Amino acid sequence: MFRSNNLAARVFERQILTPRPGASVNLVRHFYENLVPSCTIYDIDCPDHSFRKFTDDGQYLVSFSRNHQDLIVYRPTWLSFSCEGEDCDSHSLPQKAKRFDSFFTQLYCVSLASSNEFICKDFFLYMESHQFGLFATSTAQSHDAPTTEGAIDGVPSIERITFYLVRLEDGVILDEKAFCNDFVNLAQSMGVFLYEDLLCIMSLRYQTIHILQIRDSGNLVDVRNIGIFCREDDELFINSHAHVTQGTSLLSGIKQRLLSFIFRKTWNEEADPTLRVQHLKKKFYFHFQDYVDLIMWKVQFLDRHHLLIKFGSVDGGVARSTDQQPAFFAVYNMETTEIVAFYQNSSEELYSLFEQFYDYFHANSRNSLHASFISSHSNNTHALDQLWCIKNKTNNISQFVKKMMTSLPCTCQSQSPSPYFDLSLFRYDEKLISATVRHRHSTEHPIKFISRRQPNILKFKIKPGCGLCFSMFGKPAFACASTPALDLGSAPMTTISYCFLMFRSAFWLIDTTILFFILNLWRYPGCYHQCFFSLPMELPVPSLLEPQKCDARYPNNLIRKACPFSWTIL
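Numbering (my numbering), first residue to last: 14 to 583.
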């Protein structure tokens, strides 16, 4: 950790000191205590699109047309405006600073949906290693669809759901996968999980987990289906014994694995043979039909071989809130086709694992440099203190555990790795804003970001209740910098918003606005250089202020040479 709060002193300290092994990126993130957004530009001339998000590497801004038929992708244009001198605050920005195309270049517009299909605006997954984007289109949802063989009663039907794999560099559609008369929960990507090159899609209507692989060539290849059958030859085996099973109703393969595990677990709980039968009657056979009626709600990868599957009632599978619904969690080994663990959502054992090893549930994050610094109660003492504080205030520990378990299985790519959400650097009200990417209602009160190192110092604040800024309706507003208050305006719950920072580091999802800012960089020996940036904050974090990647135009080398400079960005 830096010994000084001064930006110039920190740059000097970084030049002469070597961080501990593995701590270089985390050390660099402390620079964001000095680099904060601070003012607003209103009435930006912005295209009437539905903006989804930036890719994790900051290379692309993904948006959709208003009719939800077309995919429009932009690329940031980096350095925009600059001012040199000692009184830069008196200089007004040029008129083109209020134009969206001053900061972004449209790469392409691709039609994904047909006339009766619409792009799901809440669904987008990014495969960083190949810069592939996964999008989804669907027809209207029907609640009175006719019952078909294998379909679960009470689950709605969608005539056609299509997943498209798009190369974001040029907009080429590489492959697609369609599901007919099925139901996949596309809201916030909850029904789909991406882990490395593996993709799992949860079919609620037919209770099947589809495992696909994304090849380097951009093909979506079926790997296996888990549901009615668990092994590749299960269907062949059952068909070869059709004369035995004819006229009988068989449980699905995954349900039989589940019941077998529960039976063995209940059997082993009682060592006394004379009491074992009574124990089985009470714990297993009495609840047998309840176990049979369970359906799979949601699924995620824990690693390449294990899935975490959430089971519950049919009503809970399609409900928006499942806080009060009984639910169970099972860990399934895809290679052995066995259930290896089973918990109820009130299990304190599962909660203990959740509290201590939360990062392991975000399996997609462990292979992402950007997501490896997301604050959680398993890696951050401040987050753990907050969790314990909530836990100590609760009157019903069982209800508290159930509430915590509603976040499992984790939603893929649902958290922002922004340094401003790093609880080691800043303190803020998580009821108003957090690293979790989701729609939030606007609040009339400013959202304050307070320094952790200096507990009484307000670094910046966001005011989401004044005017309209980067809204999906009306004219937006961009934010730039100079004073410690941000006036971001009032935006509807569906507004997509981002914070633009500099040093080639990335856009970070903050709240209800797109933010820009001006950075005052101190010259040596006495004047400063002021630049207006629109640099994406989701580029690889190690590129932030790395001396080995800078030449004579960059501050760290220039400070070392102790000479004035005119700073530009490549």
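Even glycine gets a Cβ: it sits at the ideal position worked out from N, Cα and C.
A quick note: this is a predicted structure, and the numbers were derived from the prediction, not measured.
If you draw a straight line from the C-alpha of residue i to the C-alpha of residue j, how long is it?
i	j	result
S391	Q82	41 Å
A119	N409	Ala is not the amino acid found at residue 119; the sequence shown has Gln there. Cα to Cα, the separation comes out at about 53 Å.
E361	V414	7 Å
H223	V312	11 Å
S389	D372	7 Å
C425	N469	36 Å
S202	S76	16 Å
L366	I85	41 Å
E443	T449	10 Å
H156	E172	11 Å
Q108	D114	12 Å
D303	A343	16 Å
M124	M347	Per the sequence shown, the amino acid found at residue 124 is Ser instead of Met. Taking the straight line joining both Cα atoms gives about 36 Å.
I174	E130	9 Å
A22	F64	39 Å
F324	R270	13 Å
S170	Q154	6 Å
L421	C243	23 Å
H292	L321	28 Å
D247	G146	34 Å
H375	G35	21 Å
V168	V179	30 Å
S427	V205	12 Å
Y73	D229	20 Å
D56	L106	13 Å
E457	K476	7 Å
F301	F176	37 Å
L272	R317	24 Å
T507	L445	Low local confidence applies: a pLDDT of 25 at T507 is under 50, so the model's placement there is unreliable, and no value is given.
N405	F67	38 Å
R603	A340	Not covered by the structure: residue 603. The range shown for the chain is 14 to 583.
H395	N39	16 Å
Y345	T287	32 Å
H143	L225	16 Å
E141	D70	7 Å
R88	G231	22 Å
E351	S265	13 Å
V290	F274	17 Å
I5	F370	Beyond the ends of the chain as shown, which are 14 and 583, falls residue 5; an answer cannot be given.
Looking only at DSSP bridge pairs, what is residue i linked to?
i	result
E351	N346
F473	F462
K66	V75
H319	N346
Q302	In DSSP, Q302 forms no bridge with anything.
Q313	L321
E189	Y177
V257	Beta-bridge pairing links V257 to no other residue.
V234	Q226
C122	I85
C213	F206 and I224
A158	DSSP, once it has assigned bridges, lists no residue as partnering A158.
R112	D58
T449	Q428
Y139	G146
F131	S151
If residue i sits next to residue j, beta carbons under 8 Å apart, how far is it from one beta carbon to the other, in whole angstroms?
i	j	result
I78	H62	At residue 78 the sequence reads Ser, which differs from the Ile that was named. Indeed, because the Cβ distance is near 6 Å, the residues count as touching under 8 Å.
K416	Y441	Going by Cβ atoms, the distance from K416 to Y441 rounds to 21 Å, so no, they are not a contact pair.
L438	H43	7 Å
L233	K190	5 Å
S464	E46	6 Å
D58	K111	6 Å
R305	I165	Reading off the sequence shown, one finds Val at residue 305, where the question assumed Arg. V305 to I165, Cβ: 13 Å. No contact.
T150	I132	5 Å
I227	D210	5 Å
P430	F386	6 Å
I267	I239	6 Å
Looking at the C-beta of residue i, does it have a partner C-beta in chain C at a distance below 8 Å?
i	result
G167	No chain C appears in the structure shown, which is made up of a single protein chain.
### Query
Do the segment 213–231 and the segment 191–198 make contact, defined as three or more Cβ pairs closer than 8 Å?
Counting Cβ pairs under 8 Å, three or more are found: they touch.
### Those runs of the alpha helix (DSSP H) which lie wholly inside the segment 353–438 and span at least 4 residues
Complete alpha helix (DSSP H) runs here, min 4: 361–369, 371–374, 394–406 and 410–418.
### Query
Do three or more CB pairs link the segment 107–119 to the segment 131–143 at distances below 8 Å?
As far as the Cβ criterion goes, the segment 107–119 does not touch the segment 131–143, which means the pair count is below three.
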